[in-house]
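Novice:
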Amino acid sequence: MKSTRIQILIFLLLVFIVSWSFEAFIISGGGVKNFGLLGLMTLMWIPGLISIFLRIIAKLGFEDVGFKKGLLKFYFYAVGLPLVIAFVVNIVCMVLDIRDFSFIAIETLNQALPKIAMTRALGLFGALGEE
């Protein structure tokens with residue numbers, strides 16, 4: 031049981047470190063407008079790639095992963111739904127003209143901090159169920 035918890039903690043730690051480092055790289059490199067869809071897709075693939083890497087390193091194998099042909103609706107949920115969400119987010123960003131990352135005033139940040147913390151907490155809760 032402890033071994034499983036340690037593996038989960040290592041996975042989460044690596045995902046956070048690699049994802050946040052890549053996000054910082056994207057932001058410092060001029061933002062999403064310079065990296066485009068490839069940068070975002072790379073960011074989305076980080077948890078899966080780390081999972082595969084850790085399974086190979088720990089010699090866990092892939093028998094229990096579920097690489098089996100399933101119902102078509104689950105393929106839509108796994109592939110189609112994230113594409114639809116990414117498309118909607120892209121459209122919203124285009125409509126709102128969100129293309130650049132920039133620093134904001136400290137007063138504005140202080141007002142937004144509780145909302146940012148809640149969003150992060152809910153996002154973390156949801157992300158833990160992905161893997």
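So for the sequence shown, this note's numbering puts the first residue at 31; every next one is plus one. Here a beta-carbon is modelled for each residue, glycine too, at the ideal position from N, C-alpha and C.
Can you find at least 3 beta carbon pairs, one from the segment 49-56 and one from the segment 67-77, that sit closer than 8 Å?
Specialist: yes
Novice: If you check the beta carbons only, do Q37 and A116 fall under 8 Å apart?
Specialist: no
Novice: Using a Cβ-Cβ cutoff of less than 8 Å, which residues in the same chain neighbour G91 once the five nearest sequence positions on both sides are dropped?
Specialist: R85
Novice: Run the CB neighbour count on M31, radius 10 Å, all protein chains shown included, and call it buried at 16 or more, exposed below.
Specialist: Because M31 sits at a pLDDT of 47, beneath the cut-off of 50, its placement in the model cannot be relied upon, and the following sentence gives the value as read from the coordinates. M31 comes out exposed.
Novice: According to DSSP, is K99 part of a helix, a strand, or is it coil?
Specialist: K99: coil per DSSP, three-state reduction.
Novice: Suppose the cutoff is 7 Å on Cβ atoms and the five residues either side in sequence are ignored; what does the same chain contact list for L104 look like?
Specialist: The question names Leu, but residue 104 is Phe in the sequence shown. Excluding residues within five positions, none has a Cβ falling inside 7 Å.
Novice: In three-state DSSP terms, what is E137?
Specialist: helix
Novice: Would you please state the rounded distance, in angstroms, between the beta carbons of I56 and G69? I believe it to be under 8 Å.
Specialist: 5 Å
Novice: So the alpha helix (DSSP H) F83 belongs to, where does it begin and stop?
Specialist: If you look at F83, you'll find it in the alpha helix (DSSP H) that goes 62-87.
Novice: For I40, does the three-state DSSP call read helix, strand or coil?
Specialist: helix
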